[in-house]
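First comes the structure, then the notes that go with it.
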Amino acid sequence: MRITQRVKRILANYESDCPGTKTNLARILMHGRLGGTGKMVILPVDQGFEHGPDRSFAPNPPAYDPHYHYQLAIDAGLNAYAAPLGMLEAGADSFAGAIPTILKLNSSDSHATVKDQAVYGSVQDALRLGCSAIGFTIYPGADDQFEMMEEFRELSEEAKAVGLAVVLWSYPRGGDLSKAGETAVDVTAYAAHLAALLGAHIIKVKPPTDHVEQDEAKKALEKAKVDLSTLEKRIAHVMQSAFAGRRIVVFSGGAAKGTEGVLEEIRQIAAGGANGSIIGRNSFQRSREDALALLDTIVKIYQGKA
Amino acid sequence: MRITQRVKRILANYESDCPGTKTNLARILMHGRLGGTGKMVILPVDQGFEHGPDRSFAPNPPAYDPHYHYQLAIDAGLNAYAAPLGMLEAGADSFAGAIPTILKLNSSDSHATVKDQAVYGSVQDALRLGCSAIGFTIYPGADDQFEMMEEFRELSEEAKAVGLAVVLWSYPRGGDLSKAGETAVDVTAYAAHLAALLGAHIIKVKPPTDHVEQDEAKKALEKAKVDLSTLEKRIAHVMQSAFAGRRIVVFSGGAAKGTEGVLEEIRQIAAGGANGSIIGRNSFQRSREDALALLDTIVKIYQGKA
Amino acid sequence: MRITQRVKRILANYESDCPGTKTNLARILMHGRLGGTGKMVILPVDQGFEHGPDRSFAPNPPAYDPHYHYQLAIDAGLNAYAAPLGMLEAGADSFAGAIPTILKLNSSDSHATVKDQAVYGSVQDALRLGCSAIGFTIYPGADDQFEMMEEFRELSEEAKAVGLAVVLWSYPRGGDLSKAGETAVDVTAYAAHLAALLGAHIIKVKPPTDHVEQDEAKKALEKAKVDLSTLEKRIAHVMQSAFAGRRIVVFSGGAAKGTEGVLEEIRQIAAGGANGSIIGRNSFQRSREDALALLDTIVKIYQGKA
Amino acid sequence: MRITQRVKRILANYESDCPGTKTNLARILMHGRLGGTGKMVILPVDQGFEHGPDRSFAPNPPAYDPHYHYQLAIDAGLNAYAAPLGMLEAGADSFAGAIPTILKLNSSDSHATVKDQAVYGSVQDALRLGCSAIGFTIYPGADDQFEMMEEFRELSEEAKAVGLAVVLWSYPRGGDLSKAGETAVDVTAYAAHLAALLGAHIIKVKPPTDHVEQDEAKKALEKAKVDLSTLEKRIAHVMQSAFAGRRIVVFSGGAAKGTEGVLEEIRQIAAGGANGSIIGRNSFQRSREDALALLDTIVKIYQGKA
Amino acid sequence: MRITQRVKRILANYESDCPGTKTNLARILMHGRLGGTGKMVILPVDQGFEHGPDRSFAPNPPAYDPHYHYQLAIDAGLNAYAAPLGMLEAGADSFAGAIPTILKLNSSDSHATVKDQAVYGSVQDALRLGCSAIGFTIYPGADDQFEMMEEFRELSEEAKAVGLAVVLWSYPRGGDLSKAGETAVDVTAYAAHLAALLGAHIIKVKPPTDHVEQDEAKKALEKAKVDLSTLEKRIAHVMQSAFAGRRIVVFSGGAAKGTEGVLEEIRQIAAGGANGSIIGRNSFQRSREDALALLDTIVKIYQGKA
């Protein structure tokens, strides 16, 4: 594996990290069909925890089997596969070494009465399962946001000390945020910035809408005449908010939508300079054949071929 | 670096601290254009966390890049640069040894529904990033004030044991305090005194207004005929409240305002005997050229040359 | 320092304590002009935290300097000086060995919206600062009283294990207590008894009024025909409640009042058999000259000479 | 206890120590008839362990009782009493607070087949027994010298962290040292210097003879024309070797000898600038009356009165 | 302190170190008259432990005082001062922040009957004393060499984790090594290489003679026609052995010799590409005036001016 210049430049941004962490970042960045390009597509499968198995897997019953997702990520030539404890425990041996994995350490479920998550995986789990990174979700804006950040800090510090990479899902919600505000462009930029400040290596946020939630942000953006009229421009704005591009940012696919809708969105995400996509429901809720076709196109978009 | 008599006298006030902590205080006091004068100007950049990237950096887009701030503090000849975890992680290697750094361990964000902060950095982080000090914020008056003080104590005790210095932002808010009360002269003096009692080495408070918030304090000040009619006199009063000058106190620039307003305020702060200023938004929200010009004048004010 | 028989008898009451703790109690009991008499006068200076620097020190500006209080306690020939972390840190080296010190580990401030305190000092702090004892406040009756008692227990147990003495400020307030009830004789006796039960070596309570707060206590006292008509008799009752005199109890001077008022109260406290007084505001809010004169008379009262 | 300027100057040499350790040094330096002079006489009673009870106490049977030695040290007005665990455990309560004590942590016995000692006391023991210092013996030159130094370091670091002082008995023996070499002036100066380098606060060595053991040292001393012809001059040389007088050095009385021999030796030790004497067998192997008379004269010698 | 390109290139060789360790390396590399050149001169004073105070300090009696050496290193404009625990404890407060210090953690003495050293300082000591690095000695070839290496590893790992730099004295001796072999060019190159392999940041070895000790090394060098005829070439060979110049190597001055001998040797050391010299006895055993003159010339040699 000869590390490309593009990947070396990305790794160089992680100035304070030990070579172990850089090695794990390199594993993700060099794996799959996008390996070496500085772009990445990740398959995340935590929707079973978040929404229950019926909403998640009934549309495509083979997806009830954890091995299905490992195999899908591998066959699609993706960079990494992210999942919670049980999902990885059920396949980590069969697929040992086959694809970089990310152990998602916390999740919420659809019964939740508070904006919080259960932490049910550990850094030690990540090591024994051969993962390249840990994953964690925070809810900026929620009443428990500071507790979530503090939980993240402890796990992140521990992970970095043993050479793992750290992926942070930064999903604003709760508190005074309106529903539209959760994906507002200012709030999304803020979420990406918070994740960078908290020390994340890879940041996951949602594609931002053109809504601006906070009055003061609105004033500042208008005064500075920041053009946020297209998704591409909003993506570029989020990348800038993540340390002027010094941190890897990937965007989720959001709610399941039609194939063309997904692809069009990703074309703009790629054009905006994002590092990639993290595509869950939009892939595994289709048949394996359709999912592979979709992921093939997405990979090609990031290769500049589609 | 021959330590000046003025700095030695300041260090001698930290009677119970180990030579390691004094060494780190000396590093800050001896660095930059004010090195050796006993005065200091510090660049703090935690506004991205507190107010979001748009409000913080849109006015001057190069400031989205963490390296920008390191370079600004160095080029302006400041004493130290203070920032949260991610900001320092993104530049600590490139700028190793170039300027003393202060790792800010906690922050709030503009979504917060409570007067509290997330603690997301550690003393171990400060050591591995080569920092000279840790920074922490408390909100005297807030419902969670005692918890914040207790969090501070633990981190402070740990920091002192490994030879780091401790900077405390003491910002009254919440509880029964009126908005005007947050910067009232009695409340500010109280905030500085609390920080000293909690064991801080360097105390950051806001410039006090002539408002007196607490009835009992008003009576005591009137009875003692304490003259608080000018900012200079109020600054002197705050310094007195910080152990009669035995603790270093620096004042923030407050909300961004016109250049002349900033400078006039700092002239009075300096005249009142403050140890210096900590200037964030007022510097990095201007163009680099304007910021360097402003900081140059501020440094000259503390040198007694402007 | 030849330990007097009177002090030996007092030490003998601390049957389960290690010789280290008795050594530190002996240091306090043998120090100053009352050394060896079994009586003690202590200077406490935590009012800056509790009420702010203006209310505390504006009446006598030299008192803004932490060294002032060390020197006052020494020059007045008192038994010990009690203060919070920062106050001791600012003078512990200059005055090392000059007077026994008590590190007050928790405090409240006048902004507080709850009846609670911040714990911001540690047993380790007490050891590194050369203190003979730790000090702690509980609020019997407050909603958080049990948490405060539990915090005390942990620190007390830790202190006893390393040979320190433990001083407990037992100040009823909050909950169902009326304002008058806070200093009612039954409530004060109860507070002293609780402190003894919690394992304190030295107990600080306020001089009790003749108000009786609790109905059941009233009935019992009346049935037993306990005479509580004078302060002297009430003091004797409180001493009895503190294990029939087996625990050292000292009384605060309360709110600043006229010299004669202070002295008359202390004469009765002494007559009632108290171990001594702990005099803060009433001493340091006067000029040094007046404070030394007042403390001289107080010491003489406990010597039986005034 | 008003700390004298002489004692303050001595304490100032312990630059890196916490106020707690300085407080304990001050306790020893301010106690007894020599309190405040910067001189000290210490009673050490570990001969029972080293030589057995018969050789140690048969000459003066009351000395079999541990209380005897506490009382002797107190009645003679000495600065401190040093003894092993059991000796202190047997009297620490009866004499709590009466005299500073030094817990000797290791000893050898007369059965020993190696030049080493058993470590049978702890820093925790010193705290629970109310000691002001720990004591330790090393044998520079012995085959096990480095292990002894490493044991010392661990205990010393622990003691300093909790505010205790550290006394080091530095007794060269074993290895290539001749019997005469054990008290040779070069070897004694070396022993004192090693103790200072190892971080001891108070150093105990034996009075040096005019023998020079090491060839290279002999050459250096002759070349520098160092006059070592009298005990006074040799003492001055040892003091110089202990950081040019920045460390307290006390000298043992050596083997029991006639009263005049002891006193004449101590006169020269005092004249050479030593900080004092540590007198075991020469005191407690006499009758109490004779011992008090002897110690009275020794104290007077250090007072410059005999 | 603007870090020079030359220093940045050196720091870049320490690829796996945290920014804290690089900060401390930068402090040493940027300090004093050679600051920024990539060259360094260090004053080490552990000869008192190694050879005793008489051999070390009798030639220049002011050197018995630990402050003398701090001041000498500062006045000569050196990069750092290295000394054992007691030496630093005796001056760390007076000279806090004035010059980077290196805490030497182990030493041998001239009584030693084995080729080993006592470890009597800790990483925690280095932090509380404000040191930039720890120092350690190993004896490659000695019977206890592996134990020494293992002790080093533990301390080194601990030091790196808290951001300290690590200096390793690599002095072959003992085992089958001939006396001449201890400074043989192959053995010295081996010693430097071992130090690099053990993870040292700064390596101290002795200037190599043209003796080749090991038969197999001799064959290899002859076969490769390595020219080792001059000291300059041998120094270049040692630098090459220390990771082809990727590790800082400094050379000791060896036994005290005439001024010209010292300077001539250092000219060749500098010409061979060494990073600098570590000069103990040759400096502090002269008068202060002569030492400053000598060190001035040495600094100029490394500046290319003498």
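Residue numbers (the numbering used here), protein chains in the order written: chain A, 401 to 706; chain B, 401 to 706; chain C, 401 to 706; chain D, 401 to 706; chain E, 401 to 706.
Every residue gets a Cβ at the ideal spot worked out from N, C-alpha and C, and that includes glycine.
(request) Report the option in A/C531, A/R455, A/K515, A/I666 whose CA atom is closest to the CA atom of A/G575. (result) A/K515
(request) Check whether the Cβ of B/L529 lies closer than 7 Å to any Cβ atom in chain E. (result) Answer yes: the Cβ-Cβ gap between B/L529 and chain E drops below 7 Å somewhere.
(request) Determine the chain C residues that contact B/V626 at a beta-carbon separation under 7 Å, and present them in chain order. (result) A458
(message) Alpha carbons only, please: which of C/A580, C/A600, C/A473 is nearest the one belonging to C/A693?
(response) C/A473
(message) Would A/H511 and A/G491 qualify as a contact pair, given that the criterion is a beta-carbon distance under 7 Å?
(response) no
(request) Give the straight-line distance between the Cα atoms of D/K579 and E/E547, rounded to the nearest whole angstrom. (result) 31 Å
(request) Spell out the partners DSSP gives C/M440 in its beta bridges. (result) C/G676
(request) Take the Cβ of A/V718 as the centre, count every other Cβ of all protein chains shown within 10 Å, and call the residue buried at 16 or more, exposed below. (result) There is no way to answer for residue 718 of chain A, as the model of chain A reaches only from 401 to 706.
(request) Please classify B/Y481: does DSSP put it in a helix, a strand, or coil? (result) strand
(request) Following the continuous beta strand (DSSP E) through D/A492, name the residue where it begins and the one where it ends. (result) For D/A492, there is no enclosing beta strand (DSSP E), as DSSP marks it with neither H nor E.
(request) Would you mind sorting A/E557 into buried or exposed? The rule is 16 or more other CB atoms within 10 Å of its CB. (result) buried
(message) I'd like to confirm the pairing. Which residues does DSSP put opposite B/V566 in its beta bridges?
(response) B/I534
(request) Indicate the three-state DSSP secondary structure (helix, strand or coil) for B/I410 in the structure shown. (result) helix
(message) Would C/P419 and D/G530 be called neighbours here (beta carbons separated by less than 7 Å)?
(response) yes
(message) Short of 7 Å in beta carbon distance, which residues of its chain neighbour E/L555, apart from the five on each side in sequence? Order them along the chain.
(response) L505, V523, I534, F536
(message) In whole angstroms, give me the CA-to-CA distance for A/I502 and B/R455.
(response) 33 Å
(request) For chain B, find out if any of its Cβ atoms is closer than 7 Å to the Cβ of E/A492; answer yes or no. (result) yes
(message) So D/A496 contacts chain C; which residues on that side make the cut at Cβ distance below 7 Å?
(response) L411, P419, K422, T423, A426
(request) With a 10 Å radius around its C-beta and 16 neighbouring C-beta atoms as the bar for buried, classify A/Y464 as buried or exposed. (result) exposed
(message) Less than 7 Å between the C-beta atoms of C/T697 and C/L663, yes or no?
(response) yes
(message) Rounded to whole angstroms, what is the Cα-Cα separation between C/I678 and C/V650?
(response) 6 Å
(request) For B/E415, go through chain D and note every residue whose CB falls closer than 9 Å to its CB, in chain order. (result) P419
(message) Measuring CB atoms only, is the region 664-684 of chain B touching the region 634-653 of chain B, in the sense that at least three cross pairs come out at less than 8 Å?
(response) yes
(request) Thinking E/E489 and D/G599 are a contact (beta carbons under 8 Å), I'd like their distance in whole angstroms, please. (result) 6 Å
(request) Check D/N460 in the structure and name its three-state DSSP category. (result) It is coil, neither helix nor strand.
(request) Using 10 angstroms around the beta-carbon of E/L597, count the other beta-carbons present and answer buried if the total reaches 16, otherwise exposed. (result) exposed
(message) As a quick exercise: from A/A559, A/P453, A/A496, A/G448, pick the residue whose alpha carbon is nearest that of A/T421.
(response) A/A559
(message) With H, G and I counted as helix, E and B as strand and the rest as coil, what does DSSP make of A/T501?
(response) strand
(message) Let's see if you can read the secondary structure: which residues bound the alpha helix (DSSP H) around C/V587?
(response) 585-597
(request) Answer yes or no: do E/S532 and E/R406 have a C-beta to C-beta separation smaller than 7 Å? (result) no
(request) Give every residue of the same chain whose Cβ lies closer than 8 Å to the Cβ of C/I635, excluding the five residues on either side of it in the sequence, and list them in chain order. (result) P607, P608, F651, Q668, I669, A671, G672, G673, A674
(message) If you follow the beta strand (DSSP E) that C/S508 is in, where does it begin and where does it stop?
(response) Counting along the chain, C/S508 falls outside any beta strand (DSSP E), and DSSP gives it neither H nor E.
(message) Considering only heavy atoms of the ligand FMN, does any lie closer than 6 Å to the CB of B/G452?
(response) Looking at this structure, you won't find the ligand FMN or any other ligand, since it has none at all.
(message) Which residue wins for smallest C-alpha separation from D/S508, given the options D/G448, D/T659, D/G477?
(response) D/G448
(request) Output yes if chain B places a C-beta closer than 7 Å to the C-beta of C/T609; else output no. (result) Taking Cβ atoms only, chain B never reaches closer than 7 Å to C/T609, which makes this a no.
(message) For a cutoff of 7 Å on Cβ pairs, would you count C/P500 as touching chain B?
(response) no
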